[in-house]
Each structure stands twice: as structure tokens, then as C-alpha cells.
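Worksheet: the structure to be examined is printed underneath.
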Amino acid sequence: MGQERGRFGRRERTIAGTVVTITGGARGIGAAAATALAETGATVAVADLEPAALPERLREHPRVHCWRVDVTDPAAYTRFLDAAEDTLGPADVVINNAGIMPLGRIDDEPDEVTAKQLAINLHAVIHGSREAVRRMRARGRGHIINLASEAGKVGFEGAATYCATKHGVVGFSGAVRAELHRTGVDISVVMPSVVRTELAAGLGESRAIRSVTPEEVAAAILATIRKPRFDVYVPRDLVVANVLGALLPRRVSDALLRASGAHRVLGAADHTARKEYETRAVGAARDAGH
């Protein structure tokens with residue numbers, strides 16, 4: 091991302107020619123981002139626990155490379171970054187995208203499911219960011235992009251641990267941003283509303299929440315690579331809701347959430363419709379808790 095390579099010396103940065111790593115890149119937001127990046131000229135290193143899930147268009151793309159990685163294993167994540175940089179060159183952008191969202195009341199959640207969410211959604215983001223900072227600070231350039239959620243700003247019933255992990259990503263990213271001041275390394279946190287992927291299967295509805303596509307989130311990621319900013323809301327009008335929510339007294343913001351039904355979007359999920367996703371995401375961990 092340095093001026094010496096002529097890629098990021100202008101006010102609006104260029105994506106073509108960059109090296110980007112992305113976790114959880116075989117499905118959903120990750121696959122959409124990998125596709126958009128590769129089509130824009132980036133070389134993309136995808137890490138995923140299930141590489142076979144990578145869409146055929148990405149498996150055949152000359153600028154996309156995939157490694158099998160369990161991001162809950164910090165050493166494995168580090169080896170992935172080492173291998174990607176040895177093969178493709180220094181990573182200009184590191185995207186921590188991998189995440190899971192099992193739903194249910196906190197008193198029904200097994201410890202193993204709690205631990206798995208913390209390991210994937212938060213600990214892997216911390217480790218990936220730390221590894222990126224160690225590499226990028228020495229070069230004086232780079233961009234870390236962490237995927238959070240609107241659930242990183244609001245507490246939704248039926249998703250207490252998920253919200254905790256996403257609040258953690260937002261807070262962690264903000265603290266790292268302060269540490270990176272004037273280093274030449276940027277960090278962004280992407281906060282989408284409900285994204286229409288397998289993860290959102292069976293969710294409730296609210297007139298206050300506009301769902302978005304993985305492609306819309308991917309477009310926001312590319313936009314913030316070109317012109318870095320810290321808070322990246324998808325859709326962008328979420329910024330208004332969050333500012334108002336922060337200014338209003340708690341009882342008023344709670345009343346508005348309940349009046350719109352937004353508080354029940356995750357809590358009223360159809361668990362039958364979510365069974366296939368949750369079995370893949372945390373099936374073994376959930377079974378271990380019973």
C-alpha cells in the first residue's frame with residue numbers, strides 16, 4: 091500500500107495490484123468480497139474451514155488462491171498469512187470476516203456454543219489484527235478491515251453472545267485505531283444490518299431494518315479500501331439510527347426498538363429454517379452442551 095509501488099499514493103487508492111487476505115471467504119460476504127476484489131484486479135488469498143464451498147467462479151479465477159484454515163487455531167491463522175505472503179507478496183489488506191451466529195436464549199446456550207462464537211467472531215479477529223499490525227507497522231502501510239455488525243451497536247434478544255462478540259470487535263478495532271495513529275496503517279470496522287446469506291435464514295422481520303445483499307457489503311468494503319474510513323455502515327443510513335440511539339435516553343430508544351419490532355428480528359427466528367445452518371456452524375458444540 092506504499093507510494094513506492096505506486097498503488098496507494100493518490101487520494102483515492104487503487105485496488106488493482108494489491109494483495110488481500112480474507113477469512114471465511116468461501117461463502118456469503120467473504121465470497122462476494124473475494125469476487126469483487128479479484129474482478130477489480132486484486133490478488134486474493136482466501137482462508138476457509140471448507141475450501142470446497144468456494145464458488146466455482148472463484149476456484150477457477152487466476153487471482154484467487156484458497157487455503158484450508160481453522161481461524162480458531164491462532165498458529166494456523168499465522169501460517170496462512172505466512173504462506174499467502176510467501177506466495178503472493180506482502181498483504182496490503184487483511185480482512186477478518188469469518189463469523190457464526192447461532193441464536194437462542196442465553197439460558198439455553200451451552201458453554202461450548204458460547205466458546206465457539208468467542209473463538210471465531212472475536213478471538214480470531216484479535217489474532218488476525220495483531221498479526222497484520224506486526225507486519226504492516228514495520229512497512230508503514232496497510233489496511234485492516236474487521237467485520238462486525240449492527241449487533242455490535244445494539245443488543246438484540248436471542249443473540250446475546252453474538253452481540254457481545256460484535257460489540258467486542260467494534261471496541262477492539264477502535265482501540266487499535268488509536269494505537270495506529272500516524273503509522274500509515276488504517277483499520278476499518280464494517281457494520282451491516284441483516285445480510286441475506288445462509289446466516290440470516292429464518293430471521294424475523296421489522297420495518298425498521300432493511301436487509302442488504304452480500305454484494306452490497308462487498309461494495310462497501312471496496313469503497314473503504316479506496317478511501318479508508320473507520321465506521322462503515324451498510325446501508326449507510328444506519329449511521330443516523332445509531333447517532334439518534336446514542337443521543338436518546340435508554341428508555342426511549344428501547345421503546346422505539348420494541349415499537350418497530352426490531353428487537354425481535356433475531357429473537358423470533360424460525361429455528362427449523364435455521365437448522366441446516368446451525369448444524370454446520372455449531373452442531374457438534376451444541377450437542378456437547380446437552
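Each step along the sequence shown adds one to the number in this note's numbering, with nothing skipped, and position 10 is 100.
For each residue, glycine too, the CB sits at the ideal point set by N, CA and C.
Shown here for THR314: same chain residues with a beta carbon closer than 6 Å to its own, the five before and five after excluded, namely SER278 and VAL322 in chain order. ARG153 and ARG117 have their C-alpha atoms some 17 Å from each other. Here MET281 is bridged, per DSSP, to TYR323. If you check the CB distance, VAL324 and PRO282 come in under 8 Å.
Residue pairing by DSSP places ALA137 opposite THR113 and TRP157 in a beta bridge. Cβ-Cβ distances below 7 Å link SER239 to LYS256, MET281 and PRO282 in the same chain, with the five nearest sequence neighbours on each side left out; the list follows chain order. Beta bridge pairing from DSSP links LEU237 with VAL280.
In this structure the stretch 287–297 does not lie against the stretch 256–276, because fewer than three pairs of beta carbons, one per stretch, are closer than 8 Å.
For PHE170 and ALA345, the gap between their C-alpha atoms comes out near 46 Å.
VAL161 and THR204 do not touch by the CB rule: their CB atoms are close to 17 Å apart, not below 8 Å.
Membership of ILE185 in the beta strand (DSSP E) is indicated by the continuous run 183–186. In this structure, the straight-line span from the alpha carbon of THR125 to that of VAL110 is close to 12 Å. Bridge partners of GLY232 according to DSSP: VAL275. Of ILE196, ARG272, VAL284 and ILE185, the smallest CA-CA separation from ARG300 is found for VAL284. Taking a C-beta distance under 8 Å as the contact criterion, ARG225 and ALA181 qualify as a contact pair. Every unbroken stretch of the beta strand (DSSP E) spanning 3 or more residues and falling wholly within the stretch 161–217 is given here in chain order: 183–186.
Sequence-distant Cβ neighbours of LEU178 in its own chain, meaning closer than 8 Å and more than five residues away, are VAL109, THR133, ALA135 and HIS155.
Restricted to the stretch 291–318, the alpha helix (DSSP H) segments that are unbroken, complete and at least 4 residues in length are 304–316, listed in chain order. GLU199 counts as buried, since at least 16 other C-beta atoms from the protein chains shown sit within 10 angstroms of its C-beta. The Cβ atoms of ILE190 and GLN207 lie closer than 8 Å to each other. VAL355 sits close to GLU295, with the two beta carbons spaced by under 8 Å. Cβ-Cβ distances below 7 Å link ALA331 to nothing in the same chain once the five nearest sequence neighbours on each side are left out. In the structure shown, VAL259 falls within a helical segment according to DSSP collapsed to helix, strand and coil. Within the same chain, and ignoring the five residues on either side of ALA371 in sequence, the residues whose Cβ sits closer than 7 Å to its Cβ are ILE190 and PRO192.
Under the three-state reduction of DSSP, GLU129 is assigned to helix. Here the alpha carbon of ALA222 sits roughly 15 Å from the alpha carbon of HIS271.
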